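**Student:** Have a look at this one before I ask anything.
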């Protein structure tokens, strides 16, 4: 058996024009994460391509310079949230009067509500356009990235993947044999800089149910209480 520690990036810059970078709190979270990762004595680290994912690794290394070098995997990128909002929010406003105000008087609460509705419709494949990656394609690319990591690991290996909530939801769903919509739904509760552990068999890994197990989910016990956040 081997272990995968699936890690969400630190808090991004929610509400700013450039969301894809760590906030000051996110950098603190990543520093605390680095200390925990050093204690895990990892054999390999894989990181998604997004800026907030890469910055989480960099800040973790600042706190723990002895961490293994990172391998970037494109498949660990998040689901296409901004493309969803761009293409689906106008449709949402046309179908539901509650969201018509997004065009003239958006509020953080209304935007949050809209995103959760859009995410649900996308996750169930009820809404789709050619410009937005479909949920099955998203699950497929995350699964391919996981497969690459699993097949490269040796027995007893301890590896980490610094990614986003969506891919962690997929990993959880694959371990528990959940449908894609439930994978997406599970991702919304994943905290910043949290660690979820999965164990997998390294010999002839072929995605049989007995070859992948969830050990812990969404742990933040390495963070002080004031640094725990979901957004």
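Residue numbers (our numbering): 101 to 331.
All C-beta atoms, glycine included, are put in the ideal place defined by N, C-alpha and C.
Note that the structure is a prediction, hence the values are computed from the model and not measured.
Return the chain-ordered list of same chain residues with a C-beta closer than 7 angstroms to the C-beta of residue 119, the five sequence neighbours on each side being excluded.
**Tutor:** As a working mapping, residue 119 is identified with position 19 in the chain shown. Cβ neighbours of residue 119 beyond the five flanking positions: 112 and 113.
**Student:** Where does residue 122 fall in DSSP's three states?
**Tutor:** In the chain shown, the residue the question calls residue 122 occupies position 22. It is a strand residue.
**Student:** Does the beta-carbon distance from residue 295 to residue 156 come in below 7 angstroms?
**Tutor:** Counting from one through the chain shown, the residue named residue 295 turns up at place 195. Counting from one through the chain shown, the residue named residue 156 turns up at place 56. No, Cβ-Cβ distance for residue 295 and residue 156 is not below 7 angstroms.
**Student:** Considering residue 278, what are the terminal residues of the alpha helix (DSSP H) in which it resides?
**Tutor:** Looking up residue 278 in the chain shown gives position 178. It is not in any alpha helix (DSSP H) - residue 278 carries neither H nor E in the DSSP assignment.
**Student:** What are the start and end residues of the alpha helix (DSSP H) that includes residue 333?
**Tutor:** Not covered by the structure: residue 333. The range shown for the chain is 101 to 331.
**Student:** Counting Cβ pairs, one atom from each stretch, are 3 or more of them under 8 angstroms apart for the stretch 166–185 and the stretch 136–154?
**Tutor:** Counting Cβ pairs under 8 angstroms, three or more are found: they touch.
**Student:** How would you write the range of the beta strand (DSSP E) that residue 329 sits in, first residue to last?
**Tutor:** Translated into the one-based positions of the chain shown, residue 329 becomes position 229. Careful: residue 329 lies outside any beta strand (DSSP E) and carries neither H nor E.
**Student:** Under the assumption that residue 313 contacts residue 327 (Cβ atoms under 8 angstroms), give the Cβ distance between them as a whole number of angstroms.
**Tutor:** Locating residue 313 in the chain shown gives position 213, where the first residue counts as 1. Locating residue 327 in the chain shown gives position 227, where the first residue counts as 1. So it is not a contact: roughly 29 angstroms between Cβ atoms.
**Student:** Exposed or buried, which one is residue 182 when buried takes at least 16 other CB atoms within 10 Å?
**Tutor:** Taking the first residue of the chain shown as 1, we reach residue 182 at position 82. Exposed.
**Student:** Around the C-beta of residue 186, are 16 or more other C-beta atoms found within 10 angstroms, so that it is buried, or is it exposed?
**Tutor:** What you label residue 186 is simply residue 86 of the chain shown in a count that begins at 1. Looking at its Cβ environment, which holds fewer than 16 other Cβ atoms inside 10 Å, residue 186 is exposed.
**Student:** Less than 8 angstroms between the CB atoms is what I'm expecting for residue 140 and residue 221, so what's the real figure, rounded?
**Tutor:** Taking the chain shown and counting its residues from 1, one reaches residue 140 at position 40. Taking the chain shown and counting its residues from 1, one reaches residue 221 at position 121. Incorrect: roughly 38 angstroms between the Cβ atoms, too far for contact.
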